[in-house]
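Read the structure below first, then the notes.
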Amino acid sequence: MQLAGKKVLITGGTRGIGKCIINELVDQGVSHIAVIARDKKNIKLLSEQHENVKFIKIVGDIANIDVLREAAARIEDKWGHLDLLINNAGIVSAGPLEELPDEELYDQVAVNLTAVLLLTKYCIPLLKTSGEGGILNISSGLGLIGMPFYAVYSAAKAGVKQFSDAMRRELAPDNIWVTCSFPTATDTEMMQKFKGMEMDSPEMVAKKSLEALLKKQPHVIFGGDDRINENILNFEQPLKLDEKILKNYEDRKSASLDHKAL
Ligand SMILES: NC(=O)c1ccc[n+]([C@@H]2O[C@H](COP(=O)([O-])OP(=O)(O)OC[C@H]3O[C@@H](n4cnc5c(N)ncnc54)[C@H](OP(=O)(O)O)[C@@H]3O)[C@@H](O)[C@H]2O)c1
7 MQLAGKKVLI
17 TGGTRGIGKC
27 IINELVDQGV
37 SHIAVIARDK
47 KNIKLLSEQH
57 ENVKFIKIVG
67 DIANIDVLRE
77 AAARIEDKWG
87 HLDLLINNAG
97 IVSAGPLEEL
107 PDEELYDQVA
117 VNLTAVLLLT
127 KYCIPLLKTS
137 GEGGILNISS
147 GLGLIGMPFY
157 AVYSAAKAGV
167 KQFSDAMRRE
177 LAPDNIWVTC
187 SFPTATDTEM
197 MQKFKGMEMD
207 SPEMVAKKSL
217 EALLKKQPHV
227 IFGGDDRINE
237 NILNFEQPLK
247 LDEKILKNYE
257 DRKSASLDHK
267 AL
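In our numbering, the protein residues as written are 7 to 268.
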């Protein structure tokens, strides 16, 4: 799969990993990009940074079903089809489940999972007319290993993983590929309130996630061998991983308390 000339829809391309994905798309010859984000000012800045790109700018919250329907309708109207859908936008609110405000529980599922399912649904007819369509879903390492104090975020991101696998199998006859990316801690605004951890760069995560899509890899998992080994341990000997996590339970809890990016 080549990127040049493709028409792309991305959620949350104004900051962090999504912004780096857009930089990479433009470097590789993409000149038609539809972007959905809530902050109008950042969408305007993005279009000023990439003067040669024709943007479809959708200002809105992806938790709002009308915003997702409007995005698909505007793409159909302007382009008639879509080549790549990148479900990137995400939010997090960590801490013990019993202390999590109900609204923040609901919003994390709506933005991190429901919006991915609905936007994909609305884009399938547009992707089918591409001839060579692709979907890149940004999940998380926590979508592979459920972590304490990130129960809701982990659940939503695990949903993205299962959805990606299911849709890759469902859309294979239509020549639409689906890749799911599993970043570990990455240095973006989402992690501003998270203390004490080495982080990947968003540029690297963006580049490798797109590479995986172009090479038609089902998954790209960040965090190196340690993360791969933890995933194997989680699958084969979950009780051993439980013991490991319990050893720094209190540190994990206190680090999570202030971790909100909504
Ligand atoms: N950073 C990490 O350590 C990390 C690790 C694993 C996975 N991830 C995942 O990677 C993806 C990108 O994260 P990031 O770190 O780049 O986040 P970020 O820096 O906080 O950027 C989030 C982007 O999503 C948009 N967005 C957020 N909520 C939205 C909503 N309700 N409707 C529309 N747009 C919305 C934001 O724009 P507006 O605020 O203007 O709407 C922004 O463009 C997310 O799915 C995240 O869960 C991140």
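Where a beta carbon is used, it is the ideal one built from N, C-alpha and C, also for glycine.
Model, not experiment: these values are computed from the prediction.
- For Arg233 and Gln34, the gap between their C-alpha atoms comes out near 30 Å.
- Under the criterion of beta carbons closer than 8 Å, Asp89 and Lys12 qualify as touching, at roughly 4 Å.
- When DSSP assignments are scanned along the region 7-84, the uninterrupted stretches of beta strand (DSSP E) that are 3 or more residues long and fall wholly within it turn out to be 13-17, 38-43 and 60-65.
- Between Leu219 and Trp183 the beta-carbon gap is near 7 Å, inside 8 Å, which marks them as a contact.
- If you keep only unbroken beta strand (DSSP E) runs of at least 3 residues inside the region 95-167, you get 139-144.
- Per DSSP, reduced to three states, the secondary structure at Ser187 is strand.
- Judged by pairs of C-beta atoms under 8 Å, the region 157-169 does not touch the region 191-204, as fewer than three such pairs exist.
- In this structure, Thr185 lies away from Ala95, with their beta-carbon atoms at least 8 Å apart.
- Per DSSP, reduced to three states, the secondary structure at Lys214 is helical.
- Ile49 has its alpha-carbon roughly 35 Å from the corresponding atom of Lys259.
- Residue environment: Ser262 is assigned as buried (16 or more neighbouring CB atoms within 10 Å of its CB, all protein chains considered).
- Annotation: Thr20 to Val115 spans about 21 Å, alpha carbon to alpha carbon.
- As computed with DSSP, His225 is found in a beta bridge with Cys186.
- Here Ile28 has Gly19 as same chain residues with Cβ atoms under 6 Å from its own Cβ, once five neighbours each way along the sequence are excluded.
- Here the distance from the Cβ of Val98 to the nearest heavy atom of ligand 1 is below 7 Å.
- By the neighbour-count criterion, in which 16 or more other beta carbons inside 10 Å mark a residue as buried, Leu103 falls on the exposed side.
- Counting along the chain, the unbroken beta strand (DSSP E) around Leu91 starts and ends at Leu90 to Asn93.
- Residue state for Lys199 is assigned as coil, using DSSP reduced to three classes.
- Contact check for Asn93 against Ile23 fails: the beta carbons are separated by 8 Å or more.
- Non-local C-beta neighbours of Asp180 in its own chain, meaning closer than 6 Å and more than five positions away in sequence, comprise Lys134, ordered along the chain.
- For Glu242, the enclosing alpha helix (DSSP H) starts and ends at Gly230 to Glu242.
- Per the DSSP secondary-structure output, Lys259 pairs with nothing in a beta bridge.
- Scanning Val14, Arg75 and Glu30 for the CA closest to the CA of Glu209 turns up Glu30.
- Contact between Val59 and Ile39 holds, since their C-beta atoms are separated by about 6 Å, short of 8 Å.
- Per the coordinates, the alpha-carbon of Phe228 lies some 13 Å from the alpha-carbon of Glu204.
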